[in-house]
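Colleague: Residue numbers (the working numbering): 86 to 151.
1) Check residue 125 in the structure and name its three-state DSSP category.
2) How many Å lie between residue 146 and residue 132 at the Cα?
3) Rank 91, 89 and 97 by C-alpha distance to the C-alpha of residue 143 and give the top, closest one.
4) Nearest chain C C-beta to residue 105 closer than 8 Å, yes or no?
5) Tell me, to the nearest whole angstrom, how far the beta carbon of residue 126 is from that of residue 102; I am working on the premise that it is less than 8 Å.
6) In the DSSP assignment, the alpha helix (DSSP H) including residue 142 goes from what residue to what residue?
7) Please report how far the alpha carbon of residue 148 lies from the alpha carbon of residue 99, in whole angstroms.
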């Protein structure tokens with residue numbers, strides 16, 4: 086349950102970034118992987134060079150919400 090809550094929070098923050106920047110799913114994941122302040126915004130504790138979040142996961146959560 087805690088993991089699912091964290092995943093939803095991560096997705097929610099990612100959607101906020103996507104909406105604010107007006108970019109696609111792939112571009113959102115790319116921007117998050119490049120910019121430490123965006124990783125901090127989505128509650129990651131440390132900067133990760135290899136961001137383990139794929140654009141296909143965003144599509145999965147978007148389908149779950151609709």
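Each residue gets a CB set at the ideal place from its N, CA and C atoms; glycine is no exception.
Modeller: So, from the listed chains and residues:
1) Within the chain shown, numbered from 1, the residue matching residue 125 stands at position 40. Reduced to three states, the DSSP call for residue 125 is helix.
2) The residue you call residue 146 lines up with position 61 of the chain shown. The residue you call residue 132 lines up with position 47 of the chain shown. Each residue's Cα considered, the two are about 24 Å apart.
3) Position 58 of the chain shown, counting from 1, holds the residue named residue 143. Nearest C-alpha to residue 143: 97.
4) As a matter of chain content, chain C is missing from the structure shown, which is built from one protein chain.
5) As a position in the chain shown, residue 126 is number 41, starting the count at 1. As a position in the chain shown, residue 102 is number 17, starting the count at 1. Rounded, the Cβ-Cβ distance is 7 Å, consistent with contact.
6) For the purposes of this step, residue 142 is identified with residue 57 of the chain shown, where counting begins at 1. From DSSP, the alpha helix (DSSP H) with residue 142 extends over 140-150.
7) Against the chain shown, residue 148 aligns to sequence position 63. Against the chain shown, residue 99 aligns to sequence position 14. Roughly 15 Å separates the two Cα atoms.
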